[in-house]
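What follows is one structure encoded as structure tokens, with my remarks underneath.
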């Protein structure tokens with residue numbers, strides 16, 4: 033493995049280690065283990081902080097790519113990274129303020145429908161929609177983001193994590209699916225609690241993967257900028 037590959041592995045490993053430590057500590061302290069992962073508790077703010085860091089890194093990439101677009105061979109519009117940053121800010125607000133959960137209630141009220149086992153999962157569908165939007169953005173601009181190829185597999189893993197979170201949330205949203213699948217109510221309740229914890233863990237780890245991806249992309253962008261500036265300076269010297 034190359035030195036750059038080892039550096040990337042260390043970056044992702046370090047971030048995921050911090051995330052895993054936070055998850056285990058919160059599960060150990062909480063009673064039940066999912067207590068600190070509930071709305072407006074410490075792990076909600078931990079998650080929101082991670083997403084804000086992603087937004088900050090995407091904004092820095094936007095600044096670097098915009099500044100170097102004339103002499104570093106930049107192929108994608110710099111605003112793409114500003115859009116990623118704005119999306120991450122929205123997701124951070126969603127995480128802390130429970131936007132998609134409140135949107136669920138608003139939809140029921142506006143349509144005048146009573147909440148059922150099926151419609152109560154509208155918020156889960158919204159989370160899945162986030163994953164669809166992320167996948168579409170990456171697929172649509174994959175050629176323009178070719179310089180980010182070293183983190184492509186990680187980014188795909190992060191997107192799969194979003195879909196996994198939505199699936200687990202839909203499965204555990206109400207205590208209806210698992211009792212239908214398992215004859216023993218006690219076993220169904222025990223499994224539901226563990227799957228709820230797994231859902232939160234997958235979400236935080238997926239965020240960590242996106243955080244690592246953004247950090248590595250920023251380093252690549254800065255490296256390309258330095259190289260581009262050096263080539264530009266050399267060309268100017270030859271032109272004098």
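In our numbering, the protein residues as written are 33 to 272.
Cβ atoms here follow ideal geometry from the backbone N, Cα and C, with glycine treated the same way.
What is the residue span of the alpha helix (DSSP H) that residue 187 lies within?
Here the question's residue 187 lines up with position 155 in the chain shown. Where residue 187 is concerned, the enclosing alpha helix (DSSP H) stretches over 184-204.
Check this for me: beta carbons of residue 273 and residue 66, under 9 angstroms apart or not?
Nothing about residue 273 can be read from this structure; the chain reaches only from 33 to 272.
Limits of the alpha helix (DSSP H) - the one that residue 47 falls within:
Mapped onto the chain shown, residue 47 falls at position 15. Unbroken alpha helix (DSSP H) run through residue 47: 35-61.
Start and end residues, alpha helix (DSSP H) containing residue 66:
Counted from its first residue, the chain shown places residue 66 at position 34. Segment: none, residue 66 is in no alpha helix (DSSP H) and carries neither H nor E.
Whole-angstrom distance between residue 69 and residue 76, CA atom to CA atom
Indexing the chain shown from 1 puts residue 76 at position 44. Indexing the chain shown from 1 puts residue 69 at position 37. Between residue 76 and residue 69, the C-alpha separation is close to 6 angstroms.
To the nearest angstrom, how far is the alpha carbon of residue 72 from that of residue 191?
Stepping through the chain shown from its first residue, residue 72 is reached at position 40. Stepping through the chain shown from its first residue, residue 191 is reached at position 159. Their Cα atoms are separated by approximately 24 angstroms.
Helix, strand or coil, according to DSSP, for residue 130 in the structure here?
Reading the chain shown from its first residue, position 98 is the one you call residue 130. Residue state, collapsed to three classes: coil.
On the DSSP letters alone, give me the boundaries of the alpha helix (DSSP H) that residue 77 sits inside.
Taking the chain shown and counting its residues from 1, the one referred to as residue 77 is at position 45. Segment 74-100, the alpha helix (DSSP H) holding residue 77.
For residue 124, tell me which candidate among 88, 92, 43, 202 has the shortest Cα-Cα distance.
The residue you call residue 124 lines up with position 92 of the chain shown. Among 88, 92, 43, 202, the Cα nearest to that of residue 124 is on 88.
So what's residue 144 in DSSP terms, helix, strand or just coil?
As a working note, residue 144 is residue 112 in the chain shown. Three-state DSSP puts residue 144 in coil, outside helix and strand.
When you compare only the Cα positions, how much space is there between residue 119 and residue 215?
By one-based count along the chain shown, residue 119 stands at place 87. By one-based count along the chain shown, residue 215 stands at place 183. Their backbone Cα atoms lie some 43 angstroms apart in a straight line.
Does the stretch 156-176 touch the stretch 198-205, meaning 3 or more C-beta pairs lie closer than 8 angstroms?
yes
Pick from 55, 244, 253: whose alpha carbon is nearest that of residue 232?
Position 200 of the chain shown, counted from the first residue, corresponds to residue 232. Cα-wise, what sits closest to residue 232 is 55.
Which residues mark the beginning and the end of the alpha helix (DSSP H) in which residue 214 is found?
For the purposes of this step, residue 214 is taken as the residue at position 182 of the chain shown. First-last for residue 214: undefined, no H or E at that position.
Identify whether residue 232 lies in helix, strand or coil by the three-state DSSP scheme.
Locating residue 232 in the chain shown gives position 200, counting from the first residue. The answer is helix: DSSP assigns residue 232 an H, G or I state.
For residue 243, which residues from the same chain have a beta carbon less than 7 angstroms from its beta carbon, with the 5 sequence-adjacent residues on both sides left out?
Numbered from its first residue, the chain shown carries residue 243 at position 211. Within the same chain, residue 243 has close Cβ partners 47, 82, 85, 86.
Euclidean distance between Cα positions of residue 44 and residue 122
For the purposes of this step, residue 44 is taken as the residue at position 12 of the chain shown. For the purposes of this step, residue 122 is taken as the residue at position 90 of the chain shown. Approximately 24 angstroms between the Cα atoms of the pair.
Candidates 255, 229, 250, of which the one nearest residue 63 by Cα:
What you label residue 63 is simply residue 31 of the chain shown in a count that begins at 1. With distances taken between Cα atoms, residue 63 lies closest to 229.
If we ignore side chains and look at the alpha-carbon of each, how far apart do residue 41 and residue 170 end up?
Here residue 41 corresponds to residue number 9 of the chain shown, with the count starting at 1. Here residue 170 corresponds to residue number 138 of the chain shown, with the count starting at 1. Each residue's CA atom was taken as its position, placing residue 41 and residue 170 some 22 angstroms apart.
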